[in-house]
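Student: Next up is a structure, given as C-alpha cells.
There are 2 protein chains.
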Amino acid sequence: MTTFTIIGTGNMANAIGGVLADGGSSVTYVAKHQVGVAPVDGDVVVLAVPFPAVDSILDAYADALAGKVVVDITNPLNFETFDSLVVPAGSSAAAEIQARIPSAHVLKAFNTNFAATLGAKKVGELTTTVLVAGDSAEAKATLVAAVEAGGLEAIDAGALARAHELEAIGFAQLTLAVSEKIGWTGGFGITR
Amino acid sequence: MTTFTIIGTGNMANAIGGVLADGGSSVTYVAKHQVGVAPVDGDVVVLAVPFPAVDSILDAYADALAGKVVVDITNPLNFETFDSLVVPAGSSAAAEIQARIPSAHVLKAFNTNFAATLGAKKVGELTTTVLVAGDSAEAKATLVAAVEAGGLEAIDAGALARAHELEAIGFAQLTLAVSEKIGWTGGFGITR
Chain A
0 MTTFTIIGTG NMANAIGGVL ADGGSSVTYV AKHQVGVAPV DGDVVVLAVP
50 FPAVDSILDA YADALAGKVV VDITNPLNFE TFDSLVVPAG SSAAAEIQAR
100 IPSAHVLKAF NTNFAATLGA KKVGELTTTV LVAGDSAEAK ATLVAAVEAG
150 GLEAIDAGAL ARAHELEAIG FAQLTLAVSE KIGWTGGFGI TR
Chain B
0 MTTFTIIGTG NMANAIGGVL ADGGSSVTYV AKHQVGVAPV DGDVVVLAVP
50 FPAVDSILDA YADALAGKVV VDITNPLNFE TFDSLVVPAG SSAAAEIQAR
100 IPSAHVLKAF NTNFAATLGA KKVGELTTTV LVAGDSAEAK ATLVAAVEAG
150 GLEAIDAGAL ARAHELEAIG FAQLTLAVSE KIGWTGGFGI TR
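Residue numbers (numbering that gives the first Met the number 0), protein chains in the order written: chain A, 0 to 191; chain B, 0 to 191.
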C-alpha cells in the first residue's frame, strides 16, 4: 500500500484523494493553514494547490520532501489573460519545482484532468486517463499503479521534460473550457 | 462551396482531402514534383507536408499564397530524438510560417489528428475533433464549416498563438504512439 500526503483541500485535492483511496492507498491531507506545521509522512506527496502557492510549500517542506516522490498537478497559467504561462518558454512548473528540490523525484500528473472527470472517472464515455511524466521510472510506476487501482487509466508519458507538453495540454484544455467550447466534465480523453 | 488546394499526397494529405471532399468541398492536390509548377487555385491551401518541406513550398508560392487561407498541419519535431521541437521555445511552426507569408491567414489544424482517425472519422467511439487555431475568425469559420460538413467535429481553439499548445499536443501524442502507449488509430479524443 502506498501512502500519500495531499497538500491542499480543494476540488482537485479531493478528487485525486478520492481516486487514490478507492484504490486502497492511504491518504492524508494537509490544509493550507497547516502547511509547515503538519507532517508530510506519505511516500508520495501531491502538491494539489495552484502554482502560485507552491513556492511557500517548498519553503516550508524542502527538507521533508528530500528523497520523496512529489507530484506537481499545476497549470501555471496567467489566469488574468489566459494567453500565456508564468514559467519560462520551453520550461515547465514541474521543472521549476524539480530545480527547487533536486533530491526529490518530481512527477507531473493530473494537470490534464479536470476535477469532475477524476470524480466521475469518465470523460464522456471514456475512462479518465492520467498522464504521468517524470525521470524516475520507479516513482512513475508507483503512481500509475495507485491510479489504476482507483479505477482510472494511467499512462507513462515520458521524461519530466514532457511536463512542458502536458502543461500545454492543460493550458489548451482550460482555454477551451473557459471559452465554453467544452464543458468542465469533458475535454481530452485518450483511446489506446 | 469552398475550394481547397492540398499540397502533398501522403497519408495526411489524402485523409484531409477525403474529409473535405465528403463535405462537398472542391479539392485539388499538388504533388511534391509539381511544387512551383502547378497552380494553387484554392481559396484555402493546406500545407500537408512534413515541416522540413514547408520552406521550399513557401519559396515557390510566396506570391500565390498572399491573401489566402493557409493551413499548417505540421508537428515540427526533431524526429531523430523525439525529445524536442525544431522551432524556438515558445514559438510554433505556424507562427514561423505566418512570419514568412504575412498577408496570408495562417491556421493551425489537423496536427492533433492521426491520419487513421481522420479517415475513420473516429477516435475510439468518439467522433474525431479537429482543433483549429488562427487569428482570422473568418478563415477559422470557413475551415470549421468544411470539416464539419465532412462528418467530423471541429473546434475554434483560439488565436494563432495557441498553435504552440496544439503543437505540444501533437508532440505528446506522437511520443505516446511511437512508444506504443497508444495506437495510431487512437490518441486524444474530445468530449464537449
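Just so you know, even glycine gets a beta-carbon here, dropped at the ideal spot from N, CA and C. Every value quoted in this text rests on a predicted model; they were computed, and no experiment measured them.
Since K107 of chain B contacts A162 of chain B with CB under 8 Å, what's their CB separation in whole angstroms?
Tutor: Within the second sequence, numbered from 1, the residue matching residue 107 of chain B stands at position 108. Within the second sequence, numbered from 1, the residue matching residue 162 of chain B stands at position 163. That belief holds up - the Cβ atoms of K107 of chain B and A162 of chain B are roughly 4 Å apart, short of 8 Å.
Student: Which residues of the stretch 111–127 of chain B have a Cβ closer than 8 Å to any Cβ of chain A? Give them in chain order.
Tutor: So the close ones are V122, G123, E124, L125.
Student: Check the Cβ of E164 of chain B against every Cβ in chain A and list those closer than 7 Å, keeping chain order.
Tutor: For the purposes of this step, residue 164 of chain B is identified with residue 165 of the second sequence, where counting begins at 1. Here the neighbours are A167, F170, A171.
Student: Note the first and the last residue of the continuous alpha helix (DSSP H) segment covering T116 of chain A.
Tutor: Here residue 116 of chain A refers to the residue found at position 117 of the first sequence. Element bounds for T116 of chain A: 114–119.
Student: Kindly identify the DSSP beta-bridge partner or partners of K107 of chain B.
Tutor: Translated into positions along the second sequence, residue 107 of chain B becomes position 108. DSSP output for K107 of chain B lists B:D71, B:A132 as bridge partner(s).
Student: Should D62 of chain B be flagged as near chain A, meaning a C-beta pair shorter than 8 Å?
Tutor: Looking up residue 62 of chain B in the second sequence gives position 63. Chain A, which has no Cβ nearer than 8 Å to the Cβ of D62 of chain B, makes this no.
Student: Got a sec: is the Cβ-Cβ distance from I154 of chain A to anything in chain B below 8 Å?
Tutor: Against the first sequence, residue 154 of chain A aligns to sequence position 155. Interface residue, yes.
Student: Which value, in whole angstroms, describes the spacing of the CA atoms of N112 of chain A and K67 of chain A?
Tutor: Stepping through the first sequence from its first residue, residue 112 of chain A is reached at position 113. Stepping through the first sequence from its first residue, residue 67 of chain A is reached at position 68. Roughly 23 Å between the two C-alpha positions.
Student: Nearest chain B C-beta to D82 of chain A closer than 8 Å, yes or no?
Tutor: In the first sequence, residue 82 of chain A corresponds to position 83, counting from 1. So, interface residue.
Student: Measuring only between beta-carbons, confirm whether R99 of chain A sits less than 8 Å from chain B.
Tutor: The residue given as residue 99 of chain A occupies position 100 in the first sequence. Not an interface residue.
Student: Quick one: measure Cβ to Cβ for M11 of chain B and A59 of chain B, integer angstroms, because I've assumed they're closer than 8 Å.
Tutor: In the second sequence, counting from the first residue as 1, residue 11 of chain B sits at position 12. In the second sequence, counting from the first residue as 1, residue 59 of chain B sits at position 60. Wrong, their Cβ atoms sit about 20 Å apart, outside the cutoff.
Student: Please go through the stretch 45–90 of chain A and give each complete alpha helix (DSSP H) segment of 4 or more residues, from N-terminal end onward.
Tutor: Qualifying alpha helix (DSSP H) stretches, in chain order: 53–64.
Student: Indicate whether L130 of chain B and I96 of chain B have their beta-carbon atoms separated by less than 8 Å.
Tutor: Indexing the second sequence from 1 puts residue 130 of chain B at position 131. Indexing the second sequence from 1 puts residue 96 of chain B at position 97. Not in contact: L130 of chain B and I96 of chain B (Cβ atoms no closer than 8 Å).
Student: Using the DSSP secondary-structure output, state which residues sit across from D21 of chain A in a beta bridge.
Tutor: Counted from its first residue, the first sequence places residue 21 of chain A at position 22. D21 of chain A is not bridged to any residue.
Student: Are the beta-carbon atoms of D71 of chain B and A98 of chain B separated by less than 8 Å?
Tutor: Here residue 71 of chain B refers to the residue found at position 72 of the second sequence. Here residue 98 of chain B refers to the residue found at position 99 of the second sequence. Taking 8 Å as the Cβ cut-off, D71 of chain B and A98 of chain B do not qualify as a contacting pair.
Student: Please go through the same chain and pick out, in chain order, the residues whose beta-carbon is closer than 8 Å to the beta-carbon of I100 of chain B, but skip the five residues on each side of it.
Tutor: Stepping through the second sequence from its first residue, residue 100 of chain B is reached at position 101. Only L57, A61, L64, A65, V69 meet the Cβ criterion.
Student: Can you list, in chain order, the residues of its chain whose CB lies under 6 Å from that of P75 of chain A, leaving out five sequence neighbours each side?
Tutor: Here residue 75 of chain A is taken as the residue at index 76 of the first sequence, counted from 1. Hits under 6 Å: F50, L84, V85, V86, A92.
Student: Where does E166 of chain B fall in DSSP's three states?
Tutor: Counted from its first residue, the second sequence places residue 166 of chain B at position 167. Residue state, collapsed to three classes: helix.
Student: Output the distance between the C-alpha atoms of E152 of chain B and V18 of chain B, rounded to the nearest integer angstrom.
Tutor: Within the second sequence, the letter at position 153 stands for residue 152 of chain B. Within the second sequence, the letter at position 19 stands for residue 18 of chain B. C-alpha separation (whole angstroms): 11 Å.
Student: Going by DSSP, what residue range makes up the alpha helix (DSSP H) through I96 of chain A?
Tutor: Looking up residue 96 of chain A in the first sequence gives position 97. Here the alpha helix (DSSP H) through I96 of chain A covers 92–99.
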